[in-house]
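A.B. asks:
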Amino acid sequence: METTRLDRNIRILNWAAGIALVIALGMVFFYAPVESTMGNVQRIFYFHVGSAWVGALAFFVALVGGGIYLRKPERKWDTIAVAAVEIGLVFLTMATAAGSIWGKPAWNTWWLWSPRLTLITIAWLTYAAYFMLRGAIEDEEKRGRFAAVYVIVAFVTIISTYISIRILRDIHPVVFGGMAESAQGAEQGLQEFEQGVESMKMVITLNVSVVAFTLMFAAWMANRIRLQYLMDNANHLKMRVAARLQGGKA
Amino acid sequence: MNNSNQLSTFWAAVWAVVWKDLQIEKHTRQTISVMIMFSLVSVIMFNFALEANLAAAREVATGLLWSTILLAGTLGLNRSLAIERENQTMEAVLMAPIDRSAIYAGKVISISLFSLALEVVLIFIFIVFFNKPFWRPQVMLILVMGTIGYIAAGVIVTSMTIQTRTREVLLPVLLLPLSLPLVLPASIAVSAYMFPQLPDWGEVQGAISVVAIYDLLMLAAGFITYHYVVES
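The listed protein sequences correspond, in order, to chains A and B. Numbered per the numbering used here, the first sequence spans residues 1 to 250. Numbered per the numbering used here, the second sequence spans residues 251 to 482.
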C-alpha cells in the first residue's frame, strides 16, 4: 500500500504553488504594463496561456503514465494517468473560459468556430470520454490497460491538433512556436511584444505565471494521487469490514 | 535474408486476415450493405433538413459527406469486429502464430476497403444530388487518406469498446472526437477542390500534410498498442 499521509513533499509543493500564484497575480496586476491596443483586458492572457500550457503538459504526463503502465502494469502509473487527465481537463476548461472572456472584447464574440477553437473543444471531449471508457470496464487490470491505450491514441490527436493550428488559417494568435502564419495572427490579436522595456516586462510576467501554473499542477497532482490512495485504502477497509461481518454471522 | 523472410511472413499474415474478412463479407454481405443503406438514409435526411435552401446544402456538401462516412464507419467497425467476438473467431485468430500487429494491419485494410466501397457509392450520390466535382482524383485521394486514418483509430477503439459493458453505445462517443482532428483538415482540403478551377498546391498543402501526419501517427500508435487491446 502506498503512503496515504500528507507528507512533507506534498506540503512543500502546496506552499510553493500558493506563494508562486500570489507572486504571479501580483505581477499580472501591478508589474505588467497596460497593453497599448487592448488595455487591461489583455491581462487575462497570462492566465489563459498558463492554463493552456498546463493542459498540454498534463496530457503529456498522462501519455507517459499510460505508456509506462503498459510496460509495467503497476497501479501507481494508472493513478498518475488518471490524475493528469482529470487536472488537464480542469485547466483546459479554465483556458477556454479565459479565452472566451478575452474574445468578447477582442473579437466582439464569446465564441467562434475557427479551426483552433473547434479542435480545442474536441480535445476536451476526447479526454472527457476517457472517463466514460474507464466507467464501462469493471476489471481493474483491464481498465488500466485500456485507459493507457486510449491515452496514447488520444495524444496523437493532440499532436495533430498542435500541428494543424499552426498550419491552418485561423483568427487565434500563435504564441508558442508559430510559423509564417503567426505574424498575421499576432497582428490581428496581441501586439504586446513590441516596445522594448515594456514588452520585456510582459514577457517576464508571462514566464512567471507559466511557472506558477506549473507548480500548481505539480501540487494538484501530488494531492490527487494521495486522494486516490486514500480512496483505495477506504475501499480496502470496507471490504475487510464486510468480510468480518459475514464471518461473524456464519 | 532473414529480415526479408520475416517481412514476407508478416504480409502473408496480413493478407490472410484481409482475405478472411473479404470472404466473410462475400458470404454474409452484412457490413457493406448496412453501411450503404445507413448512408442513403442519412443523405436523404440531410437533404430533407436542408431542402428549403439547396444553395446552403451545396455549401455544406463536403461536411455532409464526411459526417456520413464517419457515422457509417462506426457501423462498419462495430459490425466487422463484433462478428469476431460473437463467433469467437478472434480467439482462433489470436492463437495463430502470427504477429498481433499483422492482425491489426489486416483489420485496418479490410475495414478501409469496406469504407472505400461505400465512398464510391457516396461520391456518385453526392455528384447527383449536389452537382459538385466530387469525382476529381485529388478528392478521392484525400478520401482514401482520411479513411485510413479514421479506420486506424477505429480498429483500436472498437476493439476496446466491444469488450466493455456499454459496447456499441460507447464507440461513437470515443471515436468521433478522436477523428475530428483528422476530418477537419481533410474536409477543408476537399472543400478547396469544390470550385470550378483547381486550387494552388500551397492552399491545400497544410491541410493535406496534417491528414498524412495523423495517418502515420495513428497507425504507429495502433501497431504499438494493438496487442494490449486484444489480450484477455
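Cβ atoms here follow ideal geometry from the backbone N, Cα and C, with glycine treated the same way.
Please confirm if I361 of chain B has its CB atom under 8 Å from at least one CB of chain A.
C.D. replies: Counting from one through the second sequence, the residue named residue 361 of chain B turns up at place 111. By this cut-off, I361 of chain B is not an interface position.
A.B. asks: In chain order, what residues of the same chain lie with their CB nearer than 7 Å to the CB of G247 of chain A, ignoring the 5 residues before and after it?
C.D. replies: Within the first sequence, the letter at position 247 stands for residue 247 of chain A. For G247 of chain A, where only same-chain residues beyond five positions count, there are no Cβ hits under 7 Å.
A.B. asks: Between the C-alpha atoms of R226 of chain A and K238 of chain A, what's the straight-line distance to the nearest angstrom?
C.D. replies: As a first step, residue 226 of chain A must be located in the first sequence, where it is residue number 226. As a first step, residue 238 of chain A must be located in the first sequence, where it is residue number 238. Cα to Cα, the separation comes out at about 18 Å.
A.B. asks: Show which residues of chain B have a CB atom less than 9 Å away from the CB atom of L168 of chain A.
C.D. replies: Your numbering for residue 168 of chain A matches position 168 in the first sequence. Result: L434, P435, I438, G456, A457, V460.
A.B. asks: By Cβ distance below 6 Å, which residues in the same chain neighbour L89 of chain A in space, the five residues on each side in sequence not counted?
C.D. replies: For the purposes of this step, residue 89 of chain A is taken as residue 89 along the first sequence, with counting starting at 1. Contacts found: Y127.
A.B. asks: My output table needs one value for E301 of chain B: the three-state DSSP class, helix, strand or coil.
C.D. replies: Counted from its first residue, the second sequence places residue 301 of chain B at position 51. If DSSP states are grouped into helix, strand and coil, E301 of chain B belongs with coil.
A.B. asks: Residue ranges of each alpha helix (DSSP H) run of no fewer than 4 residues wholly in the segment 313 to 378 of chain B, ordered along the chain?
C.D. replies: 339 to 345
A.B. asks: DSSP has E35 of chain A in a bridge; who is on the other side?
C.D. replies: Start at 1 with the first residue of the first sequence, and residue 35 of chain A comes out as number 35. Bridge partners of E35 of chain A: A:G39.
A.B. asks: So N14 of chain A is in the alpha helix (DSSP H); what residue range does that whole segment cover?
C.D. replies: Here residue 14 of chain A refers to the residue found at position 14 when the first sequence is read from its first residue. That run of the alpha helix (DSSP H) goes 8 to 26.
A.B. asks: Could you tell me how far apart the beta carbons of P115 of chain A and S164 of chain A are, in whole angstroms, since I believe they sit closer than 8 Å?
C.D. replies: Translated into positions along the first sequence, residue 115 of chain A becomes position 115. Translated into positions along the first sequence, residue 164 of chain A becomes position 164. 6 Å between Cβ atoms; contact.
A.B. asks: Alpha carbon to alpha carbon, how far is M444 of chain B from L215 of chain A?
C.D. replies: One-based indexing of the second sequence puts residue 444 of chain B at position 194. One-based indexing of the first sequence puts residue 215 of chain A at position 215. Roughly 49 Å between the two C-alpha positions.
A.B. asks: Helix, strand or coil: how does DSSP classify F384 of chain B here?
C.D. replies: Counted from its first residue, the second sequence places residue 384 of chain B at position 134. It is coil, neither helix nor strand.
A.B. asks: Report, in whole angstroms, the separation of the C-beta atoms of H48 of chain A and L117 of chain A, which I expect to be a contact under 8 Å.
C.D. replies: Here residue 48 of chain A refers to the residue found at position 48 of the first sequence. Here residue 117 of chain A refers to the residue found at position 117 of the first sequence. 13 Å between Cβ atoms; not a contact.
A.B. asks: Residue ranges of each alpha helix (DSSP H) run of no fewer than 4 residues wholly in the segment 52 to 122 of chain A, ordered along the chain?
C.D. replies: 75 to 107
A.B. asks: With respect to the alpha helix (DSSP H) encompassing F445 of chain B, which residues constitute its N-terminal and C-terminal limits?
C.D. replies: Along the second sequence, read from residue 1 onward, the residue named residue 445 of chain B stands at position 195. Note, F445 of chain B: premise wrong, no alpha helix (DSSP H); not H, not E.
A.B. asks: Can you find a CB in chain A that lies within less than 8 Å of the CB of M468 of chain B?
C.D. replies: For the purposes of this step, residue 468 of chain B is identified with residue 218 of the second sequence, where counting begins at 1. By this cut-off, M468 of chain B is an interface position.
A.B. asks: Helix, strand or coil: which one does DSSP assign to D139 of chain A?
C.D. replies: For the purposes of this step, residue 139 of chain A is taken as residue 139 along the first sequence, with counting starting at 1. Correct three-state label for D139 of chain A: coil.
A.B. asks: Please return the same chain residues whose Cβ sits closer than 6 Å to the Cβ of A355 of chain B, not counting the five positions on each side in sequence.
C.D. replies: Position 105 of the second sequence, counted from the start, is the residue given in the question as residue 355 of chain B. The answer, listed in chain order, is V264.
A.B. asks: So with CB distances below 9 Å, who are the chain A contacts of Y354 of chain B?
C.D. replies: As a position in the second sequence, residue 354 of chain B is number 104, starting the count at 1. What Y354 of chain B touches in chain A: nothing, since even the nearest Cβ is about 12 Å away.
A.B. asks: Let me check understanding here. Comparing Cα to Cα, which of B:T318, B:V343, B:A299, B:I294 lies closest to V267 of chain B?
C.D. replies: Translated into the one-based positions of the second sequence, residue 267 of chain B becomes position 17. The shortest C-alpha separation from V267 of chain B is found at B:V343.
A.B. asks: Can you name, in chain order, every residue of its own chain whose Cβ lies under 6 Å from the Cβ of K382 of chain B, other than the five neighbours on each side?
C.D. replies: As a first step, residue 382 of chain B is located in the second sequence; it is residue number 132 there, counting from the start. Contacts found: A311, M444.
A.B. asks: Shorter than 8 Å from the beta carbon of S199 of chain A to some beta carbon of chain B?
C.D. replies: As a first step, residue 199 of chain A is located in the first sequence; it is residue number 199 there, counting from the start. Closer than 8 Å: no.
A.B. asks: Buried or exposed: which applies to W269 of chain B, given that a residue is buried once 16 or more other Cβ atoms fall within 10 Å of its Cβ?
C.D. replies: Position 19 of the second sequence, counting from 1, holds the residue named residue 269 of chain B. Classification for W269 of chain B: exposed.
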